[in-house]
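Structure, as structure tokens:
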Amino acid sequence: MGEEVFRNYPSKTSKILLIGYVLRIIPIANIIGAVLTAIGWYKLDREWFKHKYLKAAMLGSILLLTGIILDALNGQVTGLSTPSIQTGGTITLEQLIDQSIKLVDFLINQLTNPIALLAPILVGTGLLLELLGFKAIRDKTGGAMPLYIIILLVFMIILAYSGLPAKIATANGLREFKEYLIQVKETGTTNTPQPQVTILMKLLAAILPLVVQSILLFIVGLITYILIAYKFHKFEEYRKEAIILEKGGKEETGEDQLII
4 MGEEVFRNYP SKTSKILLIG YVLRIIPIAN IIGAVLTAIG WYKLDREWFK HKYLKAAMLG
64 SILLLTGIIL DALNGQVTGL STPSIQTGGT ITLEQLIDQS IKLVDFLINQ LTNPIALLAP
124 ILVGTGLLLE LLGFKAIRDK TGGAMPLYII ILLVFMIILA YSGLPAKIAT ANGLREFKEY
184 LIQVKETGTT NTPQPQVTIL MKLLAAILPL VVQSILLFIV GLITYILIAY KFHKFEEYRK
244 EAIILEKGGK EETGEDQLII
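So, in structure tokens, the structure goes:
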């Protein structure tokens with residue numbers, strides 16, 4: 004590890020990045036977190052060492068922020084009139100099917116509109132550019148940024164980009180589910196003793212690709228962001244150690260001069 008690199012390490016910027024990556028774990032607060040990480044990368048480039056990859060990482064945080072906002076806006080706009088499915092009581096099979104078809108149409112629209120499809124591309128590209136920033140730090144500091152963080156970020160990037168095919172696959176599964184509902188409505192039976200349970204289970208099966216992708220991305224992101232935040236916390240310790248070593252070296256030089 005190059006101690007001389009950490010002598011000028013900006014402590015305040017480190018705290019900004021630490022807080023930013025922690026906030027990116029939390030839904031809604033991740034918007035603030037992305038803003039803070041963009042500021043942090045910008046300040047690292049200005050206050051620590053100049054590198055085009057640090058500038059790229061700042062752009063990456065901005066792209067990630069844009070993807071998060073678009074995804075949130077898509078959910079808010081389409082969620083204003085979200086259909087619901089009522090189960091139990093005196094609801095008939097036909098009513099359940101009609102409710103399910105409305106919900107399916109809503110979900111397909113939410114998953115396949117341009118905003119929804121653009122969001123995972125922006126998030127994946129943002130993480131990819133941030134990866135370059137972490138690589139620049141690793142190269143500059145002689146490996147103080149551990150390789151496992153780079154590897155975890157690669158997994159995050161793959162999972163983020165996979166949000167696009169996951170949405171498309173889920174939309175296709177919902178279309179098949181809708182065809183099944185129409186067929187049941189025409190025949191008037193599901194050939195099962197509990198038609199409500201069968202319909203709900205098929206709905207869950209249809210949305211499974213997106214559910215799995217979202218859960219995996221959250222888990223890997225949780226681990227990655229915690230480790231990144233911890234590493235930025237450790238960088239402050241490296242700075243203090245580098246300053247102590249520098250002072251020790253100066254003191255030894257002064258003693259040598261006195262002896263001479």
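If you're matching positions, the sequence shown starts at 4 in this note's numbering and goes up one per residue. Beta carbons are placed, not taken as given, at the ideal position from N, Cα and C, and that holds for glycine.
- CA-CA distance, Y164 to S14, rounds to 33 Å.
- One Cα belongs to V8, the other to H236, and the distance between them is close to 16 Å.
- If only complete runs of 4 or more residues are kept, the segment 173 to 210 shows the alpha helix (DSSP H) at 198 to 209, in order along the chain.
- Residue I111 holds the alpha-carbon nearest to the alpha-carbon of L213 among I111, K188 and K105.
- Straight through space, the alpha carbons of L121 and T144 are spaced by roughly 35 Å.
- Out of I35, I222 and A174, the CA that lies nearest to the CA of L106 is found in A174.
- For W51, the secondary structure class from DSSP, reduced to helix, strand or coil, is coil.
- Take the alpha-carbon of G78 and the one of L248: they are about 53 Å apart.
- In the three-state scheme derived from DSSP, where H, G and I count as helix and E and B as strand, A147 is classed as coil.
- Remark: C-beta atoms of L230 and I152 approach each other more closely than 8 Å.
- Using a Cβ-Cβ distance cut-off of 8 Å, the segment 28 to 38 and the segment 51 to 62 are not in contact, since fewer than three pairs of beta carbons, one from each stretch, lie closer than that value.
- Residues of the same chain with a CB within less than 8 Å of the CB of I202, apart from the 5 flanking positions on each side, are L99, I100, S103, L184, V187 and T193 in chain order.
- Per DSSP, Y24 is one residue of the alpha helix (DSSP H) stretching across S14 to L26.
- Bounds of the alpha helix (DSSP H) holding S103 are L96 to T115.
- Shown here, I29 sits in coil according to DSSP, grouped into three states, outside any helix or strand.
- In the three-state scheme derived from DSSP, where H, G and I count as helix and E and B as strand, N11 is classed as coil.
- If you ignore the 5 residues before and after T115, its C-beta comes within less than 8 Å of the C-beta of K170, I171 and A174, all in its own chain and listed in chain order.
- Under the 10 Å beta carbon count, F221 is surrounded by fewer than 16 other beta carbons and is classified as exposed.
- For D48, the CB contacts under 8 Å within the same chain, skipping 5 residues up- and downstream, are H54, L57, K58 and M61 in chain order.
- When the Cα atoms are used, L20 and P123 turn out to be separated by approximately 23 Å.
- Cβ contact annotation for I28 (same chain, cutoff 8 Å, sequence separation greater than five): G36, G224, L225, Y228 and I229, in chain order.
- The distance from the Cβ of L130 to that of L156 is about 6 Å, consistent with a contact at the 8 Å cut-off.
- Inclusion of L66 and L134 in the CB contact set at 8 Å is not warranted, their separation being larger than that value.
- Between the beta-carbon of L150 and that of F180 there is about 43 Å, and that puts the pair past the 8 Å contact cut.
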